[in-house]
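K.L.:
Encoded as structure tokens, here's the structure I'll be asking about.
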Amino acid sequence: MSRPIRTITAAVAALLLATACNSASTRESSDKAAGSSTRGVTADSIKVGGIVSMTTATGYSKKDTDLGAKARFDRANAEGGVNGRKIDYLGAEDDGQDPARNLAAARELVQRDKVFAISPMSSTTFSGADFLQQEKVPTFGWGTLPSFCGPSYIYGFGGCMVPMPGGTISQTWPEGLKQVMGDAPGKSVAILANDSDAGTFAIRTYKQSFASAGYRVTYAKPSVPAGSVPSDWSAYTKEILRSDGGKAPDAVVSVMQTPYNIGLFTALKRTGYDGVLTDPTDYDPSLLAKSATKQALDGVHVLLSFQPFEQDSADMRQFKQDIGKAAGKDVPLNMHMMTGYMSADLFLAIAEKAGKNLTVASFQKAAGGFSDTGTLVGDRAEPRGQKESFGCGALVQLKEGKYVVSAPFTCYPPIPFK
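The sequence shown: position 182 = 185 (this note's numbering), numbered continuously.
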């Protein structure tokens with residue numbers, strides 16, 4: 004359950020600080036009495052909190068990430084916890100997709116709530132990364148930001164999705180599209196992203212990724228304002244539709260959030276564009292509730308870094324069961340739930356390996372030699388995942404109001420990132 008960040012007066016701040024100090028002293032005394040001096044760890048519990056963009060200026064929300072994490076932690080607790088300790092999940096702080104609030108939420112969870120780990124961390128801004136690394140807080144989320152690539156205490160549940168030089172790039176997207184478009188040689192693609200750090204890294208990454216797979220990248224720009232959705236997309240569509248020697252590319256790749264994709268794809272369709280449309284965001288059955296949204300996204304191929312919900316496997320059946328229990332009813336599934344679920348799952352797997360004597364040092368040692376296979380995100384390994392993605396994924400297409408698998412879940416060899 005989220006706790007909004009409050010604006011308080013100096014007097015109230017002083018009072019809360021004193022109260023927090025007293026509470027912290029009580030908690031620390033309790034922890035030591037229970038035989039543990041590790042932040043957030045007692046004899047029978049491990050305290051974990053999350054940071055999620057639940058509210059944003061564009062209306063885009065990742066709130067179900069919190070539900071996904073809760074579902075996985077609930078099952079772990081029902082099965083006896085981790086080496087005898089239950090997960091005390093505090094829920095997720097809402098950072099509002101604001102850098103200042105992201106850092107403030109990280110500080111509150113560590114300094115006030117004394118969490119052992121942050122899981123999940125799901126936002127387009129991760130300004131709290133340096134603080135969490137400095138404070139040695141194991142942190143788990145979807146590795147779509149540069150902060151998930153390199154720092155020793157920060158883990159992407161699918162590995163590092165936006166690698167730095169010396170790392171690698173997953174080829175799931177361009178290789179999956181070959182199953183949709185046919186062989187890549189001669190096929191042209193245009194790539195569009197937001198004017199932000201994340202957008203710049205995305206363009207750099209996917210430009211190299213698609214070119215390496217044999218596509219001709221005729222357009223690649225991080226030019227769409229990140230703070231507000233354009234009301235007029237004509238400037239972007241004109242450039243895109245003339246990018247391949249004066250004609251339209253075979254595919255348009257959008258590395259943006261749903262509100263932007265709806266605007267871009269709608270504008271492209273109105274021009275008569277009939278090429279392939281694809282993005283890594285719009286796998287969410289709740290989007291189908293609105294006819295305009297469903298129409299805008301119809302035919303779009305969505306990149307997934309996990310098994311599609313339509314795939315029948317034991318792990319997927321377990322995921323659906325866990326989500327239903329946590330929600331208290333059947334709910335439409337979405338990728339945000341999977342983000343929270345698999346962030347929690349990777350944390351739990353490493354914590355289990357760390358053993359009964361859980362400390363940050365023992366956790367990091369366990370992570371240093373961690374690997375497993377056949378998960379909802381494929382084969383996992385650390386610390387490799389802090390430099391490269393696990394290389395697995397699928398494509399689904401929204402077709403006549405339903406998602407269908409257009410490229411099955413497969414693992415592809417990554418390529419070096421330059």
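A virtual CB, placed ideally from N, CA and C, is assigned to each residue, including glycine. In this text the structure is predicted, and so the values were computed from the model without any measurement.
Confirm, please, whether the CB-CB distance from Thr-142 to Arg-363 is below 8 Å.
P.N.:
Correcting the residue identity first, residue 363 is Val in this sequence and not Arg. The answer is no: Cβ separation not under 8 Å.
K.L.:
Run through DSSP, which three-state label would Glu-96 get?
P.N.:
The answer is strand: DSSP assigns Glu-96 an E or B state.
K.L.:
With DSSP run on the structure shown, which of helix, strand or coil describes Phe-143?
P.N.:
Strand, per DSSP.
K.L.:
Per DSSP, which one or two residues make a beta bridge with Gln-400?
P.N.:
Paired residue(s): His-304, Val-407.
K.L.:
Tell me, please, whether the region 354 to 370 touches the region 74 to 88 by the rule of three or more beta-carbon pairs shorter than 8 Å.
P.N.:
The region 354 to 370 is in contact with the region 74 to 88.
K.L.:
Secondary structure at Arg-273, three-state DSSP: helix, strand or coil?
P.N.:
Three-state DSSP puts Arg-273 in a helix.
K.L.:
Rounded to the nearest angstrom, what separates Val-227 and Ser-234 at their Cα positions?
P.N.:
Each residue's Cα considered, the two are about 11 Å apart.
K.L.:
Run the CB neighbour count on Gly-248, radius 10 Å, all protein chains shown included, and call it buried at 16 or more, exposed below.
P.N.:
Per the 10 Å Cβ criterion, exposed.
K.L.:
Quick check on the burial criterion: 16 or more other C-beta atoms within 10 angstroms. Buried or exposed for Ala-81?
P.N.:
Classification of Ala-81: exposed, given that the 10 Å Cβ count is below 16.
K.L.:
Taking the beta strand (DSSP E) that Tyr-158 belongs to, which residues open and close that run?
P.N.:
That run of the beta strand (DSSP E) goes 157 to 159.
K.L.:
Can the beta-carbon of Leu-70 be found less than 8 Å from the beta-carbon of Gly-343?
P.N.:
Contact: yes.
K.L.:
Could you name the residues of the same chain whose beta carbon sits closer than 7 Å to that of Gly-278, not counting the 5 residues immediately before and after it, in chain order?
P.N.:
Correct list, in chain order: Ala-251, Pro-252, Asp-253, Ala-254, Val-255.
K.L.:
Could you pull out every residue in the same chain whose Cβ sits closer than 8 Å to the Cβ of Lys-65, ignoring the five residues on either side in sequence?
P.N.:
Answer for Lys-65: Val-55, Ser-56, Met-57, Ser-125, Ser-126, His-339, Thr-342, listed in chain order.
K.L.:
With which residues is Ile-121 paired in a DSSP beta bridge?
P.N.:
Answer by DSSP bridge pairing, in chain order: Gly-52, Thr-142.
K.L.:
Among Asp-375, Thr-413, Lys-368, Thr-68, which has the Cα closest to the Cα of Lys-139?
P.N.:
Nearest option by C-alpha distance: Lys-368.
K.L.:
Grouping DSSP H, G and I as helix and E and B as strand, with all else coil, what is Ala-27?
P.N.:
Residue placement at Ala-27 cannot be trusted, given a pLDDT of 40 that sits under 50; what the coordinates show is reported in the next sentence. Helix at Ala-27.
K.L.:
Starting from Pro-177, trace the alpha helix (DSSP H) both ways and give me its first and last residue.
P.N.:
Pro-177 -> alpha helix (DSSP H) spans 175 to 184.
K.L.:
Short check: CB of Val-399 to CB of Leu-280, under 8 Å?
P.N.:
No, they are not a contact pair.
K.L.:
Only counting the same chain, and skipping five residues up and downstream in sequence, which positions put a Cβ closer than 8 Å to that of Pro-416?
P.N.:
Contacts found: Gln-174, Gly-394.
K.L.:
Between which two residues does the alpha helix (DSSP H) carrying Asp-315 extend?
P.N.:
Careful: Asp-315 lies outside any alpha helix (DSSP H) and carries neither H nor E.
K.L.:
Suppose you measure from the CA of Arg-273 to the CA of Tyr-239; what does that come to, to the nearest Å?
P.N.:
Whole-angstrom Cα-Cα distance: 13 Å.
K.L.:
Identify the residues that DSSP records as bridge partners of Ile-90: which are they?
P.N.:
In the DSSP output, where bridge partners are listed per residue, Ile-90 has Ile-49.
K.L.:
Whole angstroms is fine: what's the gap from Val-258's alpha carbon to Asn-360's?
P.N.:
Roughly 42 Å between the two C-alpha positions.
K.L.:
Work out the CA separation of Arg-383 and Thr-376 for me, nearest whole Å.
P.N.:
Spanning the two alpha carbons is a distance of roughly 6 Å.
K.L.:
Does the separation of the CB atoms of Leu-401 and Met-319 fall below 8 Å?
P.N.:
No. Outside cutoff.
K.L.:
How would you label Ser-294, buried or exposed, when you count the other beta carbons within 10 angstroms and need 16 or more for buried?
P.N.:
Exposed, since its Cβ has fewer than 16 Cβ neighbours within 10 Å.
K.L.:
Leaving aside the five residues before and after Gln-260 along the sequence, list all residues of the same chain whose C-beta is less than 6 Å from its C-beta, in chain order.
P.N.:
These residues qualify, in order along the chain: Tyr-63, Thr-284.
K.L.:
Could you tell me whether the Cβ atoms of Ala-109 and Gly-131 are closer together than 8 Å?
P.N.:
Cβ distance < 8 Å, so Ala-109 and Gly-131 count as in contact.
K.L.:
Taking Cβ positions, are Pro-166 and Lys-390 nearer each other than 8 Å?
P.N.:
Yes. Within cutoff.
K.L.:
Expressed to the nearest angstrom, what Euclidean distance is found between the alpha-carbon atoms of Asp-98 and Asn-105?
P.N.:
Each residue's alpha carbon lies about 5 Å from the other.
K.L.:
Between Ala-424 and Pro-411, how many whole angstroms is the CB-CB distance? I'm expecting something under 8 Å.
P.N.:
Residue numbering for the chain in the displayed model covers 4 to 421; residue 424 lies beyond these limits and cannot be assessed.
K.L.:
Check whether the Cβ atoms of Gly-372 and Gly-159 lie closer than 8 Å to each other.
P.N.:
No, Cβ-Cβ distance for Gly-372 and Gly-159 is not below 8 Å.
K.L.:
Relative to the C-alpha of Met-345, which candidate in Gly-358, Gly-146, Arg-115 has its C-alpha closest?
P.N.:
When only C-alpha atoms are compared, the closest one is Gly-146.
K.L.:
Quick one: grab the DSSP three-state call for Gly-377.
P.N.:
Gly-377 falls in the strand class under three-state DSSP.
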